[in-house]
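Below: the structure, in structure tokens.
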Amino acid sequence: RYKEEHDFKPKELTRLRSLLVDEKQLAKFAVQLGIGEKMRLGKGAELGKGAEKDGGRENPALLSDTLEAIIGAYFLDSTLMKVRSFVKKIFEPVADDLMSLDNDLVDTKAKFQQWALEKIEKIEKIPKYESNKCGGSDDKPIFLSEVFVADIKYGQGEGGSKKDAEKRAAENALAKLKQEGLI
4 RYKEEHDFKP
14 KELTRLRSLL
24 VDEKQLAKFA
34 VQLGIGEKMR
44 LGKGAELGKG
54 AEKDGGRENP
64 ALLSDTLEAI
74 IGAYFLDSTL
84 MKVRSFVKKI
94 FEPVADDLMS
104 LDNDLVDTKA
114 KFQQWALEKI
124 EKIEKIPKYE
134 SNKCGGSDDK
144 PIFLSEVFVA
154 DIKYGQGEGG
164 SKKDAEKRAA
174 ENALAKLKQE
184 GLI
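Residue numbers (our numbering): 4 to 186.
Right under this line is the structure:
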């Protein structure tokens with residue numbers, strides 16, 4: 004229904020979906036709903052560790068995962084129409100704002116892939132990402148990702164997850180292409 008009211012193209016709807024279910028955005032929704040205060044977290048009494056002491060109530064990954072779990076549980080316990088209504092109340096107020104953002108970092112992997120498909124004249128032109136843990140701790144790892152097209156490295160980036168590292172690699176690749184006047 005949102006598409007009918009706004010006349011979006013499929014590409015724009017894909018972008019909107021991606022923006023709405025992004026970890027950071029889901030964490031914002033969770034904060035708005037007060038989910039952080041209601042989560043049951045381990046205190047880690049003996050070792051001084053645990054989600055409570057590590058700031059789990061503000062952790063975007065934990066908040067977004069918890070919101071996803073709540074929506075999933077609501078679906079299992081209710082009907083699709085009720086879940087749709089709940090999600091619509093949360094998502095619709097921010098959807099227009101997200102679509103109006105003119106941000107070069109939004110959907111960078113898709114932008115880089117689109118560039119590669121249009122400009123690279125080789126059979127293997129779909130970007131491939133190689134990601135590995137390169138540091139950090141078990142609970143806060145750091146990943147390094149490199150992006151290649153036709154065996155040529157275009158960029159690299161680091162992040163707290165493979166997904167974030169891949170986004171940073173695509174951002175880096177696009178920035179280099181822009182600097183070289185190729186986009």
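Ideal placement from N, C-alpha and C gives every residue a C-beta, glycine not left out. Please read these numbers as outputs of a predicted model, since none were measured by experiment.
Subject >> Ser3 - DSSP class collapsed to helix/strand/coil >> reply: Residue numbering for the chain in the displayed model covers 4 to 186; residue 3 lies beyond these limits and cannot be assessed.
Original post:
By how many angstroms is the C-alpha of Lys170 removed from the C-alpha of Leu101?
Top reply: Straight-line Cα distance between these residues: approximately 18 Å.
Subject >> Reduced DSSP secondary structure (H/G/I, E/B, other) of Pro130 >> reply: If DSSP states are grouped into helix, strand and coil, Pro130 belongs with coil.
Original post:
Would you call Gln130 buried or exposed, if buried means 16 or more other Cβ atoms sit within 10 Å of its Cβ?
Top reply: Checking the sequence shown, residue 130 turns out to be Pro, not Gln. Counting Cβ neighbours within 10 Å, Pro130 comes out buried, since at least 16 surround it.
Original post:
Excluding sequence positions up to five away, which residues of its chain have a Cβ less than 7 Å from the Cβ of Ala168?
Top reply: Taken in chain order, the residues that qualify are Ser134, Phe146, Leu147, Ser148, Gly160, Glu161 and Gly162.
**OP:** Please name the residue in Ile74, Gly138, Leu79 and Val97 whose C-alpha comes closest to that of Phe89.
**Re:** If we check each option's Cα against that of Phe89, Ile74 comes out closest.
Subject >> Closest residue to Lys128 among Lys156, Thr82 and Val86 (Cα-Cα distance) >> reply: With distances taken between Cα atoms, Lys128 lies closest to Lys156.
Original post:
Is Leu147 helix, strand or coil when you go by DSSP?
Top reply: Strand.
Subject >> Helix, strand or coil at Gly163 according to DSSP, with G and I counted as helix >> reply: DSSP places Gly163 in coil when its eight states are reduced to three.
**OP:** Spell out the partners DSSP gives Gly158 in its beta bridges.
**Re:** Its beta-bridge partners are Val150.
Original post:
So Leu29 packs on Glu61, CB below 8 Å; how close in whole Å?
Top reply: Their Cβ separation, rounded to whole angstroms, is 14 Å, which puts Leu29 and Glu61 out of contact at 8 Å.
Subject >> Whether Ala153 touches Lys122 by CB criterion (7 Å) >> reply: Not a contact, by the Cβ cut-off of 7 Å.
**OP:** Report all residues from its chain with a CB closer than 6 Å to the CB of Phe78; omit the five preceding and five following residues, and keep chain order.
**Re:** Counting only Cβ-Cβ distances below 6 Å, and skipping sequence neighbours, we find Val86.
Subject >> Assigned exposure category for Leu120 - 16 Cβ within 10 Å defines buried >> reply: By the neighbour-count rule (16 or more Cβ atoms within 10 Å), Leu120 is not buried but exposed.
**OP:** Mark Lys46 as exposed unless 16 or more other C-beta atoms lie within 10 angstroms of its C-beta, in which case mark it buried.
**Re:** It counts as exposed.
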